[in-house]
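Add 1317 to the 1-based position in the sequence shown for this note's numbering, that's all there is to it. Report on one structure; see the data block that follows.
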Amino acid sequence: GSHTLPGNSPSRQSPSHGPEELSVSTGSKALASGNHRAGAAVVGNLKAVPRGTSQDLGWPEELLRGAGYRGVVPRGTLFEHFVSCPVEPRRSGSYQFCVVGMDCSGPGPPRYLGWEPTGYFDRWFGSDELEQRLALQRFGRGVGGVHLKEEVSGENVYSKDLISLGRCLRWPDAATAEGSLVHGRRLPDLDKQGRPILTATCQFQPRTSSDLLLPLMHEWQKRCLPDLLQRLKPKAQRLKLLVLEGSGRFARLLQAALPEEVEVTMADDPRNGAARPLGALRNKTHFEVSTDLLSAKEPVLRMPDNSFEVIVMPFIAQRLCDADERRMLMLWREGLRCSSGQLLIAEDMAGMSANPESWRSWKNVLQADWSASVLLDGELNSNKVGDHFLSAGPAEGRRRYLMVDASSFLDKREARCSAPPAL
């Protein structure tokens, strides 16, 4: 089981293999009866939310009040959507989306965030578009005219060879408490704005490297981001964040999720693009990558001191440093030199040093030798990740993260010409 948070309670519904359904209702009696159809509108003045509505729909009461008079789609609703991918045609096909977030900040009806099993095509759906898809889905099942597609689920959803016409990539079986996102309480948590967040205690199984890193980014947003923005506000400057990755997928996610005052820059080693020219061209469709800021061979960040407020180094040990601890520590030191705020580090411990004390010794180098305080040391999900695109290491195993205060770093001028004292 998982912890229960506001808006994360499962709907009282009869399990079914298809999308969970709620019936149209205008009062609390019908909502509390448990006889619902998913995707149907809940009509009425939601400024006074009827008792039981929040629990039945899976949304916090604050969000339901913000939705106004428009119908609300229950959280955890499943629906199919055909995706055409011109960049990678092999990924084109039918995907099953799950409603995990809602945005009521605009003047119109709410928007809904849909996640699909691979994490590649997550997107926002307008209220009208989603209601139309759910209505067509109900009508098709009612008249028996829906073509039953061959299902692809579990670990097979990450095999692009299985995505073809006549197949649909689905979430685990919604009819079982263990597999269902709703009945198994495996939906992601929600922030105050209705956006999904993955915390350290969340039971949602990470699909990609981005999902793995979201607990770290959530802690940083909660602990450090408000102070950084407040510090830059009198200067009318944007907060500059650098992330060392070449796929563009994580950088694009950060730019979309963080406030508009944050400017995200992506840097990658030029050797990676030279080795995979078609892959590098594809990655640029996600986010513009800079190849002149980083050289992992030395290693060095080609930029002045304090060029960025925050630098994120996700799983660089094997991806950029070839599992060389000395190069990894030197790149950490470069990150401290170039950051005026925080350095965020995440690493796969599997495949690195067999010494169980390695992590502690690396922390000692940061704190004792470089005077960089460790603000937070935590564990990431250790389960198998189907699309661990940010790591060259194993898909499962122990993972840890560090949030380091770079403002207290000393000896910045010698960062590129001296080895770590501990080595």
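Backbone N, C-alpha and C fix where the C-beta goes; we use that ideal spot for every residue, glycine too.
Exercise for review: List in chain order: all unbroken beta strand (DSSP E) runs of 3+ residues lying wholly within the region 1617-1663.
Suggested key: 1625-1631
Exercise for review: Please report the residue range of the alpha helix (DSSP H) in which Gln1413 lies.
Suggested key: The sequence position of residue 1413 within the sequence shown is 96, counting from 1. Element bounds for Gln1413: not the alpha helix (DSSP H) but the beta strand (DSSP E), 1410-1420.
Practice item. Spell out a yes or no on whether the region 1626-1643 and the region 1681-1691 are touching, meaning 3 or more CB-CB pairs, one atom from each, closer than 8 Å. Key: no
Practice item. Along the alpha helix (DSSP H) that carries Glu1536, what are the first and last residues, could you check? Key: Along the sequence shown, read from residue 1 onward, the residue named residue 1536 stands at position 219. Start and end: 1526-1540.
Point to revise | the region 1423-1442 touching the region 1522-1540, judged by at least three CB pairs closer than 8 Å | key: yes
Review point. Expressed to the nearest angstrom, what Euclidean distance is found between the alpha-carbon atoms of Ala1712 and Leu1530?
Key: On the sequence shown, residue 1712 is found 395 positions in, with the first residue counted as 1. On the sequence shown, residue 1530 is found 213 positions in, with the first residue counted as 1. Going by the C-alpha atoms only, they are around 14 Å apart.
Review point. Would Arg1717 pass as a contact of Gly1703 if the rule is Cβ separation under 9 Å?
Key: Taking the sequence shown and counting its residues from 1, one reaches residue 1717 at position 400. Taking the sequence shown and counting its residues from 1, one reaches residue 1703 at position 386. Against a cut-off of 9 Å, the Cβ pair of Gly1703 and Arg1717 comes out as no contact.
Point to revise | Integer-rounded CB distance, given that Met1645 should sit under 8 Å from Ala1634 | key: Sequence index remark: in the sequence shown, residue 1634 carries index 317 (1-based). Sequence index remark: in the sequence shown, residue 1645 carries index 328 (1-based). The Cβ separation is near 5 Å, so the contact holds.
Check your understanding: In angstroms, rounded to a whole number, what distance separates the CA positions of Leu1465 and Gln1454?
Key -> Taking the sequence shown and counting its residues from 1, the one referred to as residue 1465 is at position 148. Taking the sequence shown and counting its residues from 1, the one referred to as residue 1454 is at position 137. Low confidence applies to Leu1465: its pLDDT is 47, below 50, so where it sits in the model is not reliable enough to give any reading.
Review point. If we ignore side chains and look at the alpha-carbon of each, how far apart do Leu1748 and Leu1692 end up?
Key: There is simply no residue 1748 to check, as the chain begins at 1318 and stops at 1740 in what is shown.
Review point. Nearest to Gln1659 by alpha carbon, out of Gly1457, Glu1651, Val1617, Asp1722?
Key: The residue labelled residue 1659 in the question sits at position 342 within the sequence shown. Minimum Cα distance to Gln1659 is reached at Asp1722.
Practice item. Under 7 Å Cβ to Cβ from Arg1715, same chain only, skipping five residues before and after it: list those, please. Key: If you number the sequence shown from 1, residue 1715 lands on position 398. Around Arg1715: Met1666, Ala1667, Ser1699.
Exercise for review: To the nearest angstrom, report how far apart Lys1550 and Glu1578 are at their CA atoms.
Suggested key: Looking up residue 1550 in the sequence shown gives position 233. Looking up residue 1578 in the sequence shown gives position 261. Each residue's alpha carbon lies about 9 Å from the other.
Point to revise | Three-way DSSP call (helix, strand, coil) for Trp1432 in this model | key: In the sequence shown, counting from the first residue as 1, residue 1432 sits at position 115. Reduced to three states, the DSSP call for Trp1432 is strand.
Review point. For the beta strand (DSSP E) that Phe1399 lies in, which residues bound it at each end?
Key: For the purposes of this step, residue 1399 is taken as the residue at position 82 of the sequence shown. Looking at the DSSP string, the run of the beta strand (DSSP E) that includes Phe1399 is 1395-1400.
**Study point:** Exposure of Thr1394, with buried meaning 16 or more beta-carbon neighbours within 10 Å
**Key:** Within the sequence shown, numbered from 1, the residue matching residue 1394 stands at position 77. By the neighbour-count rule (16 or more Cβ atoms within 10 Å), Thr1394 is buried.
Check your understanding: If you scan the region 1656-1723 from start to end, which runs of the alpha helix (DSSP H) of 4 or more residues do you find wholly inside it?
Key -> 1675-1681
Review point. CA-CA distance, Leu1727 and Lys1680?
Key: Here residue 1727 corresponds to residue number 410 of the sequence shown, with the count starting at 1. Here residue 1680 corresponds to residue number 363 of the sequence shown, with the count starting at 1. Their Cα atoms are separated by approximately 15 Å.
**Study point:** Contacting residues, own chain, Cβ-Cβ under 7 Å from Ser1735 (five flanking each side not counted)
**Key:** Within the sequence shown, the letter at position 418 stands for residue 1735. With a pLDDT of only 49 at Ser1735, under the threshold of 50, the placement of this residue in the model should not be trusted, and no figure is reported.
Check your understanding: Between the C-alpha atoms of Val1463 and Arg1503, what's the straight-line distance to the nearest angstrom?
Key -> By 1-based counting over the sequence shown, the position of residue 1463 is 146. By 1-based counting over the sequence shown, the position of residue 1503 is 186. In this prediction, Val1463 scores a pLDDT of 47, lower than 50, which makes its location untrustworthy; the coordinate-derived value is nonetheless stated afterwards. Roughly 28 Å between the two C-alpha positions.
Practice item. Grab the span of the alpha helix (DSSP H) containing Leu1571 for me, first residue to last. Key: Counting from one through the sequence shown, the residue named residue 1571 turns up at place 254. Segment 1566-1574, the alpha helix (DSSP H) holding Leu1571.
**Study point:** Paired residues, beta bridge with Leu1519 - DSSP
**Key:** Here the question's residue 1519 lines up with position 202 in the sequence shown. Reading off the sequence, residue 1519 comes out as Cys, not Leu. The partner list for Cys1519 (beta bridge, DSSP) is empty, contrary to what the question assumes.
Check your understanding: Between Trp1441 and the rest of its own chain, which residues show a CB-CB distance below 8 Å, the 5 nearest in sequence each way excluded?
Key -> As a working mapping, residue 1441 is identified with position 124 in the sequence shown. The answer, listed in chain order, is Asp1420, Arg1428, Tyr1429, Leu1430, Gly1431.
Practice item. Might you give, ordered along the chain, the residues of its own chain that have their beta carbon closer than 6 Å to the beta carbon of Ser1624, omitting 5 neighbours on each side? Key: Numbered from its first residue, the sequence shown carries residue 1624 at position 307. Counting only Cβ-Cβ distances below 6 Å, and skipping sequence neighbours, we find Cys1655.
Review point. What do you reckon, are the CB atoms on Leu1556 and Leu1571 nearer than 9 Å?
Key: Numbered from its first residue, the sequence shown carries residue 1556 at position 239. Numbered from its first residue, the sequence shown carries residue 1571 at position 254. No, Cβ-Cβ distance for Leu1556 and Leu1571 is not below 9 Å.
**Study point:** Best match in Val1404, Asn1589, Arg1650, Arg1487 for proximity to Leu1398 [C-alpha to C-alpha]
**Key:** Numbered from its first residue, the sequence shown carries residue 1398 at position 81. It is worth fixing the name first, because residue 1398 is His in this sequence and not Leu. Closest option to His1398, Cα to Cα, is Arg1487.
Check your understanding: Does the distance from the C-beta atom of Leu1697 to that of Leu1533 stay below 9 Å?
Key -> Here residue 1697 is taken as the residue at index 380 of the sequence shown, counted from 1. Here residue 1533 is taken as the residue at index 216 of the sequence shown, counted from 1. In this structure, Leu1533 lies closer than 9 Å to Leu1697 by Cβ.
Exercise for review: Output the distance between the C-alpha atoms of Pro1406 and Phe1706, rounded to the nearest integer angstrom.
Suggested key: The residue labelled residue 1406 in the question sits at position 89 within the sequence shown. The residue labelled residue 1706 in the question sits at position 389 within the sequence shown. For Pro1406 and Phe1706, the distance between alpha carbons rounds to 19 Å.
Practice item. Using 10 angstroms around the beta-carbon of Asn1589, count the other beta-carbons present and answer buried if the total reaches 16, otherwise exposed. Key: As a first step, residue 1589 must be located in the sequence shown, where it is residue number 272. The residue is buried, with at least 16 neighbouring Cβ atoms inside 10 Å.
Review point. Does Cys1541 come within less than 9 Å of chain C when only Cβ atoms are used?
Key: In the structure shown, chain C does not exist; there is a single protein chain.
Review point. According to DSSP, is Ala1584 helix, strand or coil?
Key: Translated into positions along the sequence shown, residue 1584 becomes position 267. In the structure shown, Ala1584 sits in a strand (DSSP, three-state: E or B).
Check your understanding: Would you call the CB atoms of Glu1642 and Val1617 closer than 9 Å?
Key -> The count along the sequence shown starts at 1 and reaches residue 1642 at position 325. The count along the sequence shown starts at 1 and reaches residue 1617 at position 300. Contact flag unset, no.
Point to revise | Residue of Pro1587, Pro1621, Leu1498 minimising C-alpha distance to Val1606 | key: On the sequence shown, residue 1606 is found 289 positions in, with the first residue counted as 1. Residue Pro1587 is the option with its Cα nearest to Val1606.
Practice item. Report the rounded CA-to-CA distance for Cys1519 versus His1535, giving the unit in angstroms. Key: Position 202 of the sequence shown, counted from the first residue, corresponds to residue 1519. Position 218 of the sequence shown, counted from the first residue, corresponds to residue 1535. Their Cα atoms are separated by approximately 12 Å.
Review point. Would you say Ala1573 and Val1560 are within 9 Å of each other, going by their C-beta atoms?
Key: Walking along the sequence shown from the start, residue 1573 turns up at place 256. Walking along the sequence shown from the start, residue 1560 turns up at place 243. Not a contact, by the Cβ cut-off of 9 Å.
Check your understanding: Which residue's Cα is closest to the Cα of Asp1508: Ser1612, Asp1445, Glu1379, Phe1396?
Key -> The count along the sequence shown starts at 1 and reaches residue 1508 at position 191. Closest option to Asp1508, Cα to Cα, is Glu1379.
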